[in-house]
Amino acid sequence: MDIFTTDKGLAQGFRASADVVAALGIPYAAPPFGAGRFRAPRPAPAWSGVRDCTRFGPIAPQSAELPGAPVWSPGDEDILTLNIWTPAPDGGRLPVLVWIHGGAYTFGSSAQPDFDGTVLARAGLVVVTFNHRIGFEGFGHVPGGAASGTPDNRGLLDQVEALRWVRENIAAFGGDPGNVTIAGQSSGAASVACLMVMDLARGLFRRAIAHSPASPCYTPEIAEATTREIAAAAGCPATPEGLASMTPQALVAAADQVVDDYRRDPASGSRHYDPSLYAPVLDGDVLSTDPLDGIAAGAATGVDLLVCHTTEEYWLLDAVGSCAKVTTDDRLALFAADFGLPGGLVAGYRAAMPDAPVSDVYLAVFGDLLFGEYGNRLAEAHAGAGGRAFLSRFDRRRTGPDGTVRAWHCADVPFAFGTLDEDAVAFLVGGTPTPADHELSRRMVRAWADFAADGNPGWPSLGENSGSPARTWVADGDAPAGRQVSLRAPWAGADFPVLRP
1 MDIFTTDKGL AQGFRASADV VAALGIPYAA PPFGAGRFRA PRPAPAWSGV RDCTRFGPIA
61 PQSAELPGAP VWSPGDEDIL TLNIWTPAPD GGRLPVLVWI HGGAYTFGSS AQPDFDGTVL
121 ARAGLVVVTF NHRIGFEGFG HVPGGAASGT PDNRGLLDQV EALRWVRENI AAFGGDPGNV
181 TIAGQSSGAA SVACLMVMDL ARGLFRRAIA HSPASPCYTP EIAEATTREI AAAAGCPATP
241 EGLASMTPQA LVAAADQVVD DYRRDPASGS RHYDPSLYAP VLDGDVLSTD PLDGIAAGAA
301 TGVDLLVCHT TEEYWLLDAV GSCAKVTTDD RLALFAADFG LPGGLVAGYR AAMPDAPVSD
361 VYLAVFGDLL FGEYGNRLAE AHAGAGGRAF LSRFDRRRTG PDGTVRAWHC ADVPFAFGTL
421 DEDAVAFLVG GTPTPADHEL SRRMVRAWAD FAADGNPGWP SLGENSGSPA RTWVADGDAP
481 AGRQVSLRAP WAGADFPVLR P
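Here it is, written out as structure tokens:
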């Protein structure tokens, strides 16, 4: 029986495999409801006896139902829990990798099957995943803010609290608290970038991995306007008392209604195309600077950074129906205007994709706007400020009887975790993985493990050689790319971050 001693009590894990022990659902903070709702995380209560840690804890309030993952049930409150996979249950000083899930700050959890840490643990890491507040509970603005005890960016504060728990407790699981790497994808990767520039997170990690970091952060004015929209949809005043009177499920439903309204209205501006309501807020307290600006100013030069993006990010959002369709040149021009993109940018993509339909040009521009180009600039800004930055691109695609599975958003995650055989990721990777897929996965797992161990993923950092070296992840036999792996020139006149709406 594998029992671990934490600062709050004993935790019983289980054998995830012959060589890896897992402990799931360990509280790192108190349930953030009741008196703790909309407030900074509070210490987890201690427990007596041995806590059963063989199942994931409840996930945060959301309406999403993701393949293979649990759904949120109203009344589930003990959502601030974490999970650990360790190959050294009897002690050790192994590097630690802490994963922050994505999901547009609105959905997702640490219990998704593609985030199982067993394979990475076998590679020599102690792996930690955790849940944090999302949606309005984690990123909605409550009037009054920090001065009234209801800070913005509560989801980021949860992440800091999880990292503090790791610092105090991970040695009991065989991890080295002085060698922690934070990692995430999409909004999880953007959270990584935020943590890099937050004073509250300083000293809690040495390295950072950001796969498809999402742009941007929001100004307080945008966050306040979003709160007014959600309160109106919920039928309550946009006040701390009014918002607190609404159940979490009521605020989730209200946000879904606001999203639907944007989707139906082509004249509603930038949010019509992909109405993500939440993002970290530049509140001047928890988060005082946009990560790109802060990193460029040298706020995180002591942190090694590894950035990856996929080459066809937004094709996933189109495939699952979560972004607007753009199929005519007029609509493409309106899209560019709604985001304030430079006049020649779309023309640059059209020149690089002369035979592509309008919809493909739109998806290419949108994916690079929110993920690809933003990630490139994060890495280059970090290197320019004197930090060590590594850049990579995921370009694996697969052709089968149902067409081509692209190198789209999220597809790189199961390769890096070594979870290709999970049924829940079949859609992302295009069915049963091939031997070439497994070999690609082994290389990506090794790169993560080596970077977390000593900061060297296996290729030069930006600035070590002439040009901009980047690792391109492909599997043997990949279908040829439909466009250049990296299209940078059209963005030369574009400023980042691009704030919206």
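All letters in the sequence shown, in the order written, are residues 1 to 501 by UniProt numbering.
The beta carbon of each residue, even a glycine, is placed where N, CA and C say it ideally should be.
For G348 and H309, which I take to be in contact (beta-carbon distance under 8 Å), what is that distance rounded to the nearest angstrom? Counting from one through the sequence shown, the residue named residue 348 turns up at place 348. Counting from one through the sequence shown, the residue named residue 309 turns up at place 309. Contact between G348 and H309 is absent: CB atoms are separated by about 18 Å, not below the 8 Å threshold.
Integer Cβ distance of T181 from P95, believed to fall under 8 Å: Within the sequence shown, residue 181 is the residue found at index 181, counting from 1. Within the sequence shown, residue 95 is the residue found at index 95, counting from 1. Between P95 and T181 the Cβ distance is about 7 Å, and since that is below 8 Å, they are a contact.
Measure the C-alpha to C-alpha separation of A297 and A60 and round it to an integer number of angstroms. Within the sequence shown, residue 297 is the residue found at index 297, counting from 1. Within the sequence shown, residue 60 is the residue found at index 60, counting from 1. One C-alpha to the other measures close to 34 Å.
Would you say W141 and T86 are within 9 Å of each other, going by their C-beta atoms? By 1-based counting over the sequence shown, the position of residue 141 is 141. By 1-based counting over the sequence shown, the position of residue 86 is 86. As written in the sequence, residue 141 is His, which differs from the Trp given in the question. Not closer than 9 Å, so no.
Helix, strand or coil: which one does DSSP assign to A279? Position 279 of the sequence shown, counted from the first residue, corresponds to residue 279. It is coil, neither helix nor strand.
Could you give the distance in angstroms between the alpha-carbon of Q12 and the alpha-carbon of V50? Numbered from its first residue, the sequence shown carries residue 12 at position 12. Numbered from its first residue, the sequence shown carries residue 50 at position 50. When rounded, the distance between both Cα atoms is 6 Å.
Per DSSP, what kind of secondary structure is W99 in: helix, strand or coil? The residue labelled residue 99 in the question sits at position 99 within the sequence shown. Three-state result, W99: strand.
Residue from L420, A494 and T432 with nearest C-alpha to D114: Within the sequence shown, the letter at position 114 stands for residue 114. The residue with the shortest Cα to Cα distance from D114 is L420.
Looking at P280: is its Cβ nearer than 9 Å to the Cβ of A190? The residue you call residue 280 lines up with position 280 of the sequence shown. The residue you call residue 190 lines up with position 190 of the sequence shown. Yes, the Cβ-Cβ distance between P280 and A190 is below 9 Å.
Please report how far the alpha carbon of F56 lies from the alpha carbon of T327, in whole angstroms. Position 56 of the sequence shown, counting from 1, holds the residue named residue 56. Position 327 of the sequence shown, counting from 1, holds the residue named residue 327. Their Cα atoms are separated by approximately 43 Å.
Would you list the residues sitting across from N83 in a DSSP beta bridge? Counted from its first residue, the sequence shown places residue 83 at position 83. Per DSSP, T129.
Proximity of H382 and E313 at Cβ, strictly below 9 Å: The residue given as residue 382 occupies position 382 in the sequence shown. The residue given as residue 313 occupies position 313 in the sequence shown. Not a contact, by the Cβ cut-off of 9 Å.
Tell me which same chain residues have a C-beta within less than 7 Å of the C-beta of N131, skipping the five on either side of it? Counted from its first residue, the sequence shown places residue 131 at position 131. Taken in chain order, the residues that qualify are G57, I59, A60, I79, L80, T81, S109 and S110.
At the level of alpha carbons, what is the spacing between K8 and S48? Stepping through the sequence shown from its first residue, residue 8 is reached at position 8. Stepping through the sequence shown from its first residue, residue 48 is reached at position 48. Taking the straight line from one Cα to the other gives about 9 Å.
As a quick exercise: from L157, F335, I209 and A234, pick the residue whose alpha carbon is nearest that of A201. Your numbering for residue 201 matches position 201 in the sequence shown. Nearest C-alpha to A201: L157.
Which residue wins for smallest C-alpha separation from A255, given the options A244, D293 and S276? The count along the sequence shown starts at 1 and reaches residue 255 at position 255. In this structure, S276 is the residue among A244, D293 and S276 with its C-alpha nearest to the C-alpha of A255.
Could you check which residue in M198, N456, S245 and T5 has the C-alpha nearest to that of F38? Along the sequence shown, one-based indexing puts residue 38 at 38. Ranking M198, N456, S245 and T5 by Cα distance to F38 puts S245 first.
Residues bridged to Q185 by DSSP? For the purposes of this step, residue 185 is taken as residue 185 along the sequence shown, with counting starting at 1. DSSP lists H211 as the bridge partner or partners of Q185.
Ignoring anything shorter than 3 residues, give me the beta strand (DSSP E) runs that lie fully in the region 411-488, in order along the chain. List check, beta strand (DSSP E) in window: 471-473.
Comparing C-alpha positions only, which one of L345, Y374 and L125 sits nearest to N179? Here the question's residue 179 lines up with position 179 in the sequence shown. Taking only the C-alpha atoms, the option nearest N179 is L125.
Tell me whether I3 is buried or exposed, calling it buried when 16 or more other Cβ atoms sit within 10 Å of its Cβ. Within the sequence shown, numbered from 1, the residue matching residue 3 stands at position 3. With fewer than 16 other CB atoms across the displayed protein chains lying within 10 angstroms of its CB, I3 is exposed.
In the DSSP assignment, what residue or residues form a beta bridge with D304? The count along the sequence shown starts at 1 and reaches residue 304 at position 304. D304 pairs with R207.
In angstroms with no decimal places, state the Cα-to-Cα distance between T129 and A208. Here residue 129 refers to the residue found at position 129 when the sequence shown is read from its first residue. Here residue 208 refers to the residue found at position 208 when the sequence shown is read from its first residue. Each residue's alpha carbon lies about 14 Å from the other.
Check whether G138 and R154 have beta carbons under 9 Å apart: For the purposes of this step, residue 138 is taken as residue 138 along the sequence shown, with counting starting at 1. For the purposes of this step, residue 154 is taken as residue 154 along the sequence shown, with counting starting at 1. Yes; because the gap between Cβ atoms is below 9 Å, this pair is in contact.
Where do the N-terminal and C-terminal ends of the alpha helix (DSSP H) with L370 fall, by residue? Position 370 of the sequence shown, counted from the start, is the residue given in the question as residue 370. No alpha helix (DSSP H) holds L370; DSSP gives it neither H nor E.
Close Cβ partners of G482 (< 6 Å) along its chain, the five nearest in sequence each way excluded: Position 482 of the sequence shown, counted from the first residue, corresponds to residue 482. Confidence in G482 is poor, its pLDDT being 49 and thus under 50, which makes the residue's placement too unreliable to answer from.
To the nearest angstrom, how far is it from the Cα of F107 to the Cα of P74? By 1-based counting over the sequence shown, the position of residue 107 is 107. By 1-based counting over the sequence shown, the position of residue 74 is 74. Whole-angstrom Cα-Cα distance: 15 Å.
Classification of V405 by the beta-carbon crowding that lies within 10 angstroms, buried from 16 upward: As a working note, residue 405 is residue 405 in the sequence shown. Using a 10 angstroms sphere on the CB of V405, the tally of other CB atoms reaches 16 or more, which defines it as buried.
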